[in-house]
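With my numbering applied, the sequence shown covers 320 to 515. Take a look at the structure below.
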Amino acid sequence: MIIFISVLIHELGHGIVAKKLGIKIFEVQFFPFGAIAIMENITKYGGLEELLIAISGPLMSLFVALVFFYSKVPDNDLIFKYNFALFAFNLIPALPLDGGRIMRNIIVMRTSYKKATKILINSGKLLAIGLILFNIYLIINNVITVAYMITAIFIFFGALKEEKNCSYVYLFNRNNKKEKMLKKRKCKKRSLVCSR
320 MIIFISVLIH
330 ELGHGIVAKK
340 LGIKIFEVQF
350 FPFGAIAIME
360 NITKYGGLEE
370 LLIAISGPLM
380 SLFVALVFFY
390 SKVPDNDLIF
400 KYNFALFAFN
410 LIPALPLDGG
420 RIMRNIIVMR
430 TSYKKATKIL
440 INSGKLLAIG
450 LILFNIYLII
460 NNVITVAYMI
470 TAIFIFFGAL
480 KEEKNCSYVY
490 LFNRNNKKEK
500 MLKKRKCKKR
510 SLVCSR
């Protein structure tokens with residue numbers, strides 16, 4: 320129950336900021352170390368909007384962690400540890416995690432959106448493989464858990480979704496640029512006709 324509520328609060332952070340920016344959330348996919356929010360208006364993601372939405376979740380988790388660190392309620396230590404872990408894990412620079420979206424906005428200053436996304440998608444896939452190997456290591460050492468395995472599956476398929484979305488954004492932006500260029504040409508032709 321603590322895990323579910325903590326993840327829900329984390330996603331609430333994303334939801335509040337997304338709503339302020341006019342972006343609807345269709346679905347939230349939960350996994351042991353976080354969740355992935357499926358949002359509309361994918362072409363809006365990038366720059367300040369994506370950065371604000373991405374960072375709001377981890378900051379909410381950090382806020383909850385600090386509140387329970389200084390409180391004396393039952394299970395405060397457990398709530399603090401889980402929320403702080405949620406904060407730290409989601410800042411890993413790999414897509415589809417929040418840290419991947421934050422890092423993309425830094426990398427995109429030096430390279431294209433598509434290249435930045437590909438780098439962080441590969442980071443996400445490597446993270447998923449690492450979590451699977453760690454889970455196998457734990458099982459070999461008689462620690463029976465599948466939490467890391469489940470998280471790895473969500474991250475891996477989340478990375479694949481990001482790959483598809485990246486292609487969609489790239490095509491959309493290309494079409495938008497073509498439309499803008501055509502509009503500019505039409506405007507120039509109209510101005511030439513008017514001047515004559």
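A virtual CB, placed ideally from N, CA and C, is assigned to each residue, including glycine. This one's a predicted model, so the numbers in the text were calculated from it and none came from an experiment.
Self-check item: Backbone CA spacing between isoleucine 448 and valine 326 [nearest angstrom]
Solution: 23 Å
Quiz item: For serine 570, which residues from the same chain have a beta carbon less than 8 Å from its beta carbon, with the 5 sequence-adjacent residues on both sides left out?
Solution: A question about residue 570 goes unanswered here, because the residues of the chain that appear run from 320 up to 515.
Exercise. Pull up the DSSP beta-bridge partners for glutamate 481, would you.
Key: According to DSSP, which records beta bridges pairwise, glutamate 481 is partnered with nothing at all.
Self-check item: Short Cβ contact (8 Å threshold) for glycine 332 with leucine 385
Solution: no
Practice problem: State the Cα-Cα distance for the pair tyrosine 489 and valine 462, rounded to the nearest angstrom. | Solution: In this prediction, tyrosine 489 has a pLDDT of 49, which is less than 50 and means its spatial position is unreliable; what the coordinates show is noted afterwards. The straight-line gap from Cα to Cα measures roughly 44 Å.
Quiz item: What's the call for aspartate 394, buried or exposed, on a 16-neighbour Cβ count within 10 Å?
Solution: exposed
Quiz item: Roughly how many angstroms separate the alpha carbons of isoleucine 440 and phenylalanine 323, rounded to a whole number?
Solution: 26 Å
Practice problem: Quick one: give me the first and last residue of the alpha helix (DSSP H) that methionine 379 is part of. | Solution: 366-388
Practice problem: Say yes only if the C-beta of isoleucine 451 is nearer than 7 Å to one or more non-hydrogen atoms of the ligand HEM, and no if none qualify. | Solution: Because no ligand of any kind appears in the structure shown, any question about the ligand HEM cannot be addressed here.
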